[in-house]
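In the numbering used here, the protein residues as written are 248 to 686.
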Amino acid sequence: MLPTLPAKNVFPHTALVNGQGHLVIGGCDTLDLAADFGTPLYVFDEQTLRDICRAYLREFRARYPKTQVIYAAKAFSNQALTRLLAEEGLGMDVVSGGEMALAKAGGMPLPQVYFHGNNKSPQELADALDWGVGRIVVDSFHELGLLEHLTERAGKTQDILIRVSPGVDPHTHAKIATGILDSKFGFSIATGDAEKAVRQALGSSRLRLLGLHCHIGSQLFEVEPYQEAIRITLSFAAQMREYGLKLAEFGAGGGFGIAYLRGQRPPTIAQYADALVGTLKGGLQDLSLGEPAFVIEPGRSIVGPAGVALYTVGARKEIPGVRTYLSVDGGMGDNIRPALYEAQYEAFVANRMDAPATDVVTIAGKFCESGDVLVKDAALAPSQPGDLIALPAAGAYCIPMASNYNMAPKPAIVMVKDGKARLIRRRETYQDMMAADVG
Ligand SMILES: *Cc1c(COP(=O)(O)O)cnc(C)c1O
Numbered sequence: 248m249l250p251t252l253p254a255k256n257v258f259p260h261t262a263l264v265n266g267q268g269h270l271v272i273g274g275c276d277t278l279d280l281a282a283d284f285g286t287p288l289y290v291f292d293e294q295t296l297r298d299i300c301r302a303y304l305r306e307f308r309a310r311y312p313k314t315q316v317i318y319a320a321k322a323f324s325n326q327a328l329t330r331l332l333a334e335e336g337l338g339m340d341v342v343s344g345g346e347m348a349l350a351k352a353g354g355m356p357l358p359q360v361y362f363h364g365n366n367k368s369p370q371e372l373a374d375a376l377d378w379g380v381g382r383i384v385v386d387s388f389h390e391l392g393l394l395e396h397l398t399e400r401a402g403k404t405q406d407i408l409i410r411v412s413p414g415v416d417p418h419t420h421a422k423i424a425t426g427i428l429d430s431k432f433g434f435s436i437a438t439g440d441a442e443k444a445v446r447q448a449l450g451s452s453r454l455r456l457l458g459l460h461c462h463i464g465s466q467l468f469e470v471e472p473y474q475e476a477i478r479i480t481l482s483f484a485a486q487m488r489e490y491g492l493k494l495a496e497f498g499a500g501g502g503f504g505i506a507y508l509r510g511q512r513p514p515t516i517a518q519y520a521d522a523l524v525g526t527l528k529g530g531l532q533d534l535s536l537g538e539p540a541f542v543i544e545p546g547r548s549i550v551g552p553a554g555v556a557l558y559t560v561g562a563r564k565e566i567p568g569v570r571t572y573l574s575v576d577g578g579m580g581d582n583i584r585p586a587l588y589e590a591q592y593e594a595f596v597a598n599r600m601d602a603p604a605t606d607v608v609t610i611a612g613k614f615c616e617s618g619d620v621l622v623k624d625a626a627l628a629p630s631q632p633g634d635l636i637a638l639p640a641a642g643a644y645c646i647p648m649a650s651n652y653n654m655a656p657k658p659a660i661v662m663v664k665d666g667k668a669r670l671i672r673r674r675e676t677y678q679d680m681m682a683a684d685v686g
């Protein structure tokens with residue numbers, strides 16, 4: 248019998264511990280991955296990615312067939328992942344020209360692309376029109392004006408949604424709450440801006456207002472804030488009928504929570520689907536709003552659980568009576584989340600998964616900031632320099648926020664499946680980092 252995998256809830260679906268006590272993902276021994284590709288290394292499990300995509304489509308469409316699942320690219324994307332998502336039948340939510348270019352390069356059908364963002368530039372909007380992006384989700388009067396001008400100039404019409412801010416507190420970290428009144432995102436329903444925006448959009452001959460969108464925050468463990476946001480937005484949609492709004496599409500955003508720590512049990516996809524679709528159907532019926540397409544935009548919850556970061560142990564500093572620092576070869580350059588919003592992770596010695604966690608250390612990165620700590624007071628198996636540290640649930644919002652601080656090359660990324668590892672992004676070189684320098 249193989250040793251058991253501790254904290255199974257934070258690992259990819261295929262993770263296991265082999266007879267040597269090594270962490271295995273997608274049939275690949277993580278020690279082999281580290282030896283072949285170096286560290287820091289981000290490992291994505293293809294099976295987990297596909298399982299989660301399919302679960303979203305299955306669970307939501309079983310309850311509401313007209314559901315679209317649009318992956319929020321900002322959580323992490325590259326061309327290989329984009330192709331996988333397109334294969335699975337997901338669309339893509341992009342928030343910049345760069346992400347739009349990535350969607351295009353990765354073979355995502357442009358009609359399946361939703362363009363979000365609170366300050367899209369004229370060039371980005373012109374490109375979106377030019378490339379045939381499916382929906383532009385309008386976030387400000389400035390943008391509405393730009394779009395009216397650009398569609399007129401190009402002689403085109405464009406499908407749009409209006410992003411409203413329903414004024415709901417999602418009970419998450421303040422830096423990832425987006426649907427409250429005091430937010431830079433969306434038109435507030437409460438202040439009357441949303442109504443004004445709807446009327447302006449309906450008055451435009453070149454913009455086709457298909458419906459409304461809201462996204463209230465990220466890493467939400469409660470379903471009630473979604474339900475409240477859906478009720479508020481639908482009732483606003485019903486009021487806007489008087490100006491001619493026909494709700495053909497309604498987006499409830501993403502933000503579905505994942506487990507980072509061993510005790511955490513976020514709602515399952517089926518539970519989210521039950522809660523959201525239940526409220527949606529009830530609201531549509533009560534308000535006689537028909538049967539619009541329903542759009543959800545999971546980001547973190549698709550890639551987060553599929554990714555594991557691997558680091559190599561280096562220096563150890565013991566400060567008697569205070570704490571012990573264990574330094575690894577990555578840190579805030581590839582994962583700024585702990586420094587940015589006190590994000591917490593579990594950590595494991597990947598080559599000693601079967602050993603008891605009798606050592607308590609603070610896992611520090613190698614970057615020149617005291618705040619460069621990945622995990623405070625982690626209980627780990629005793630380790631030595633050269634051992635491998637695994638940080639599970641590292642698939643979302645790590646790589647996309649990576650920087651070259653201290654001129655650190657960004658890590659390599661591999662996709663694993665059935666014992667095979669495929670490089671989907673090579674490690675940056677020093678040359679890469681200097682390539683854009685001029686003179
Ligand atoms: C970030 C974002 C999402 C995805 O959020 P997750 O927490 O990663 O699921 C969805 N929709 C919009 C508009 C976003 O900005």
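Ideal Cβ placement from N, Cα and C applies to all residues, glycine included.
Beta-bridge analysis with DSSP links C275 to I272.
Taking A590 as the centre and dropping the five residues before and after it, the same chain places the C-beta of R584 closer than 6 Å to its C-beta, in chain order. Where L467 is concerned, there is no enclosing beta strand (DSSP E), because DSSP gives it neither an H nor an E. Here D292 is buried. Its C-beta has 16 or more other C-beta atoms within 10 Å. The beta carbon of R669 sits no closer than 8 Å to any heavy atom of ligand 1. Burial check for A375: the Cβ neighbour count within 10 Å reaches 16 or more, so the residue is buried. Going by C-alpha positions, L263 is about 34 Å away from S617.
Taking 9 Å as the cut-off, the beta carbon of G414 is found closer than this to the beta carbon of I436. Excluding sequence positions up to five before and after D276, its CB lies within less than 6 Å of the CB of H269, all in the same chain and listed in chain order. Taking a contact to require three or more Cβ pairs closer than 8 Å, the stretch 592-602 and the stretch 512-527 do not qualify as touching. The residue from L296, T251, P250, D581 with its alpha-carbon nearest to that of P552 is L296. The alpha-carbon separation between P472 and T419 amounts to approximately 10 Å.
Within the same chain, Y361, D406, L408 come within 6 Å of R382 by CB-CB distance, once the 5 residues on both sides are set aside. The three-state reading of DSSP puts V342 in coil, since its state is none of H, G, I, E or B.
Checking the DSSP bridge columns, you'll see F541 partnered with T314, F497.
At the C-beta level, L428 and A484 stay beyond 9 Å of one another. According to the DSSP assignment, K664 belongs to the beta strand (DSSP E) that extends over 659-664.
Residue pairing by DSSP puts H460 in a beta bridge opposite R410, G498. Contact between the stretch 565-575 and the stretch 339-349 is absent: fewer than 3 CB-CB pairs across the two stretches fall below 8 Å. By the criterion of at least three beta-carbon pairs nearer than 8 Å, the stretch 279-288 is not in contact with the stretch 318-326.
Excluding the 5 residues flanking it on each side, F307 has same chain C-beta neighbours closer than 6 Å at T314, A520, in chain order.
Closest in alpha carbon position to A327, among A421, V663, V560, is V663. Between ligand 1 and the CB of D416, the shortest heavy atom gap is not smaller than 8 Å. Under a 10 Å Cβ-count criterion, M681 is classified as exposed, with fewer than 16 other Cβ atoms of the shown protein chains found around its own Cβ. Counting only the Cα atoms, P250 lies some 19 Å from D634.
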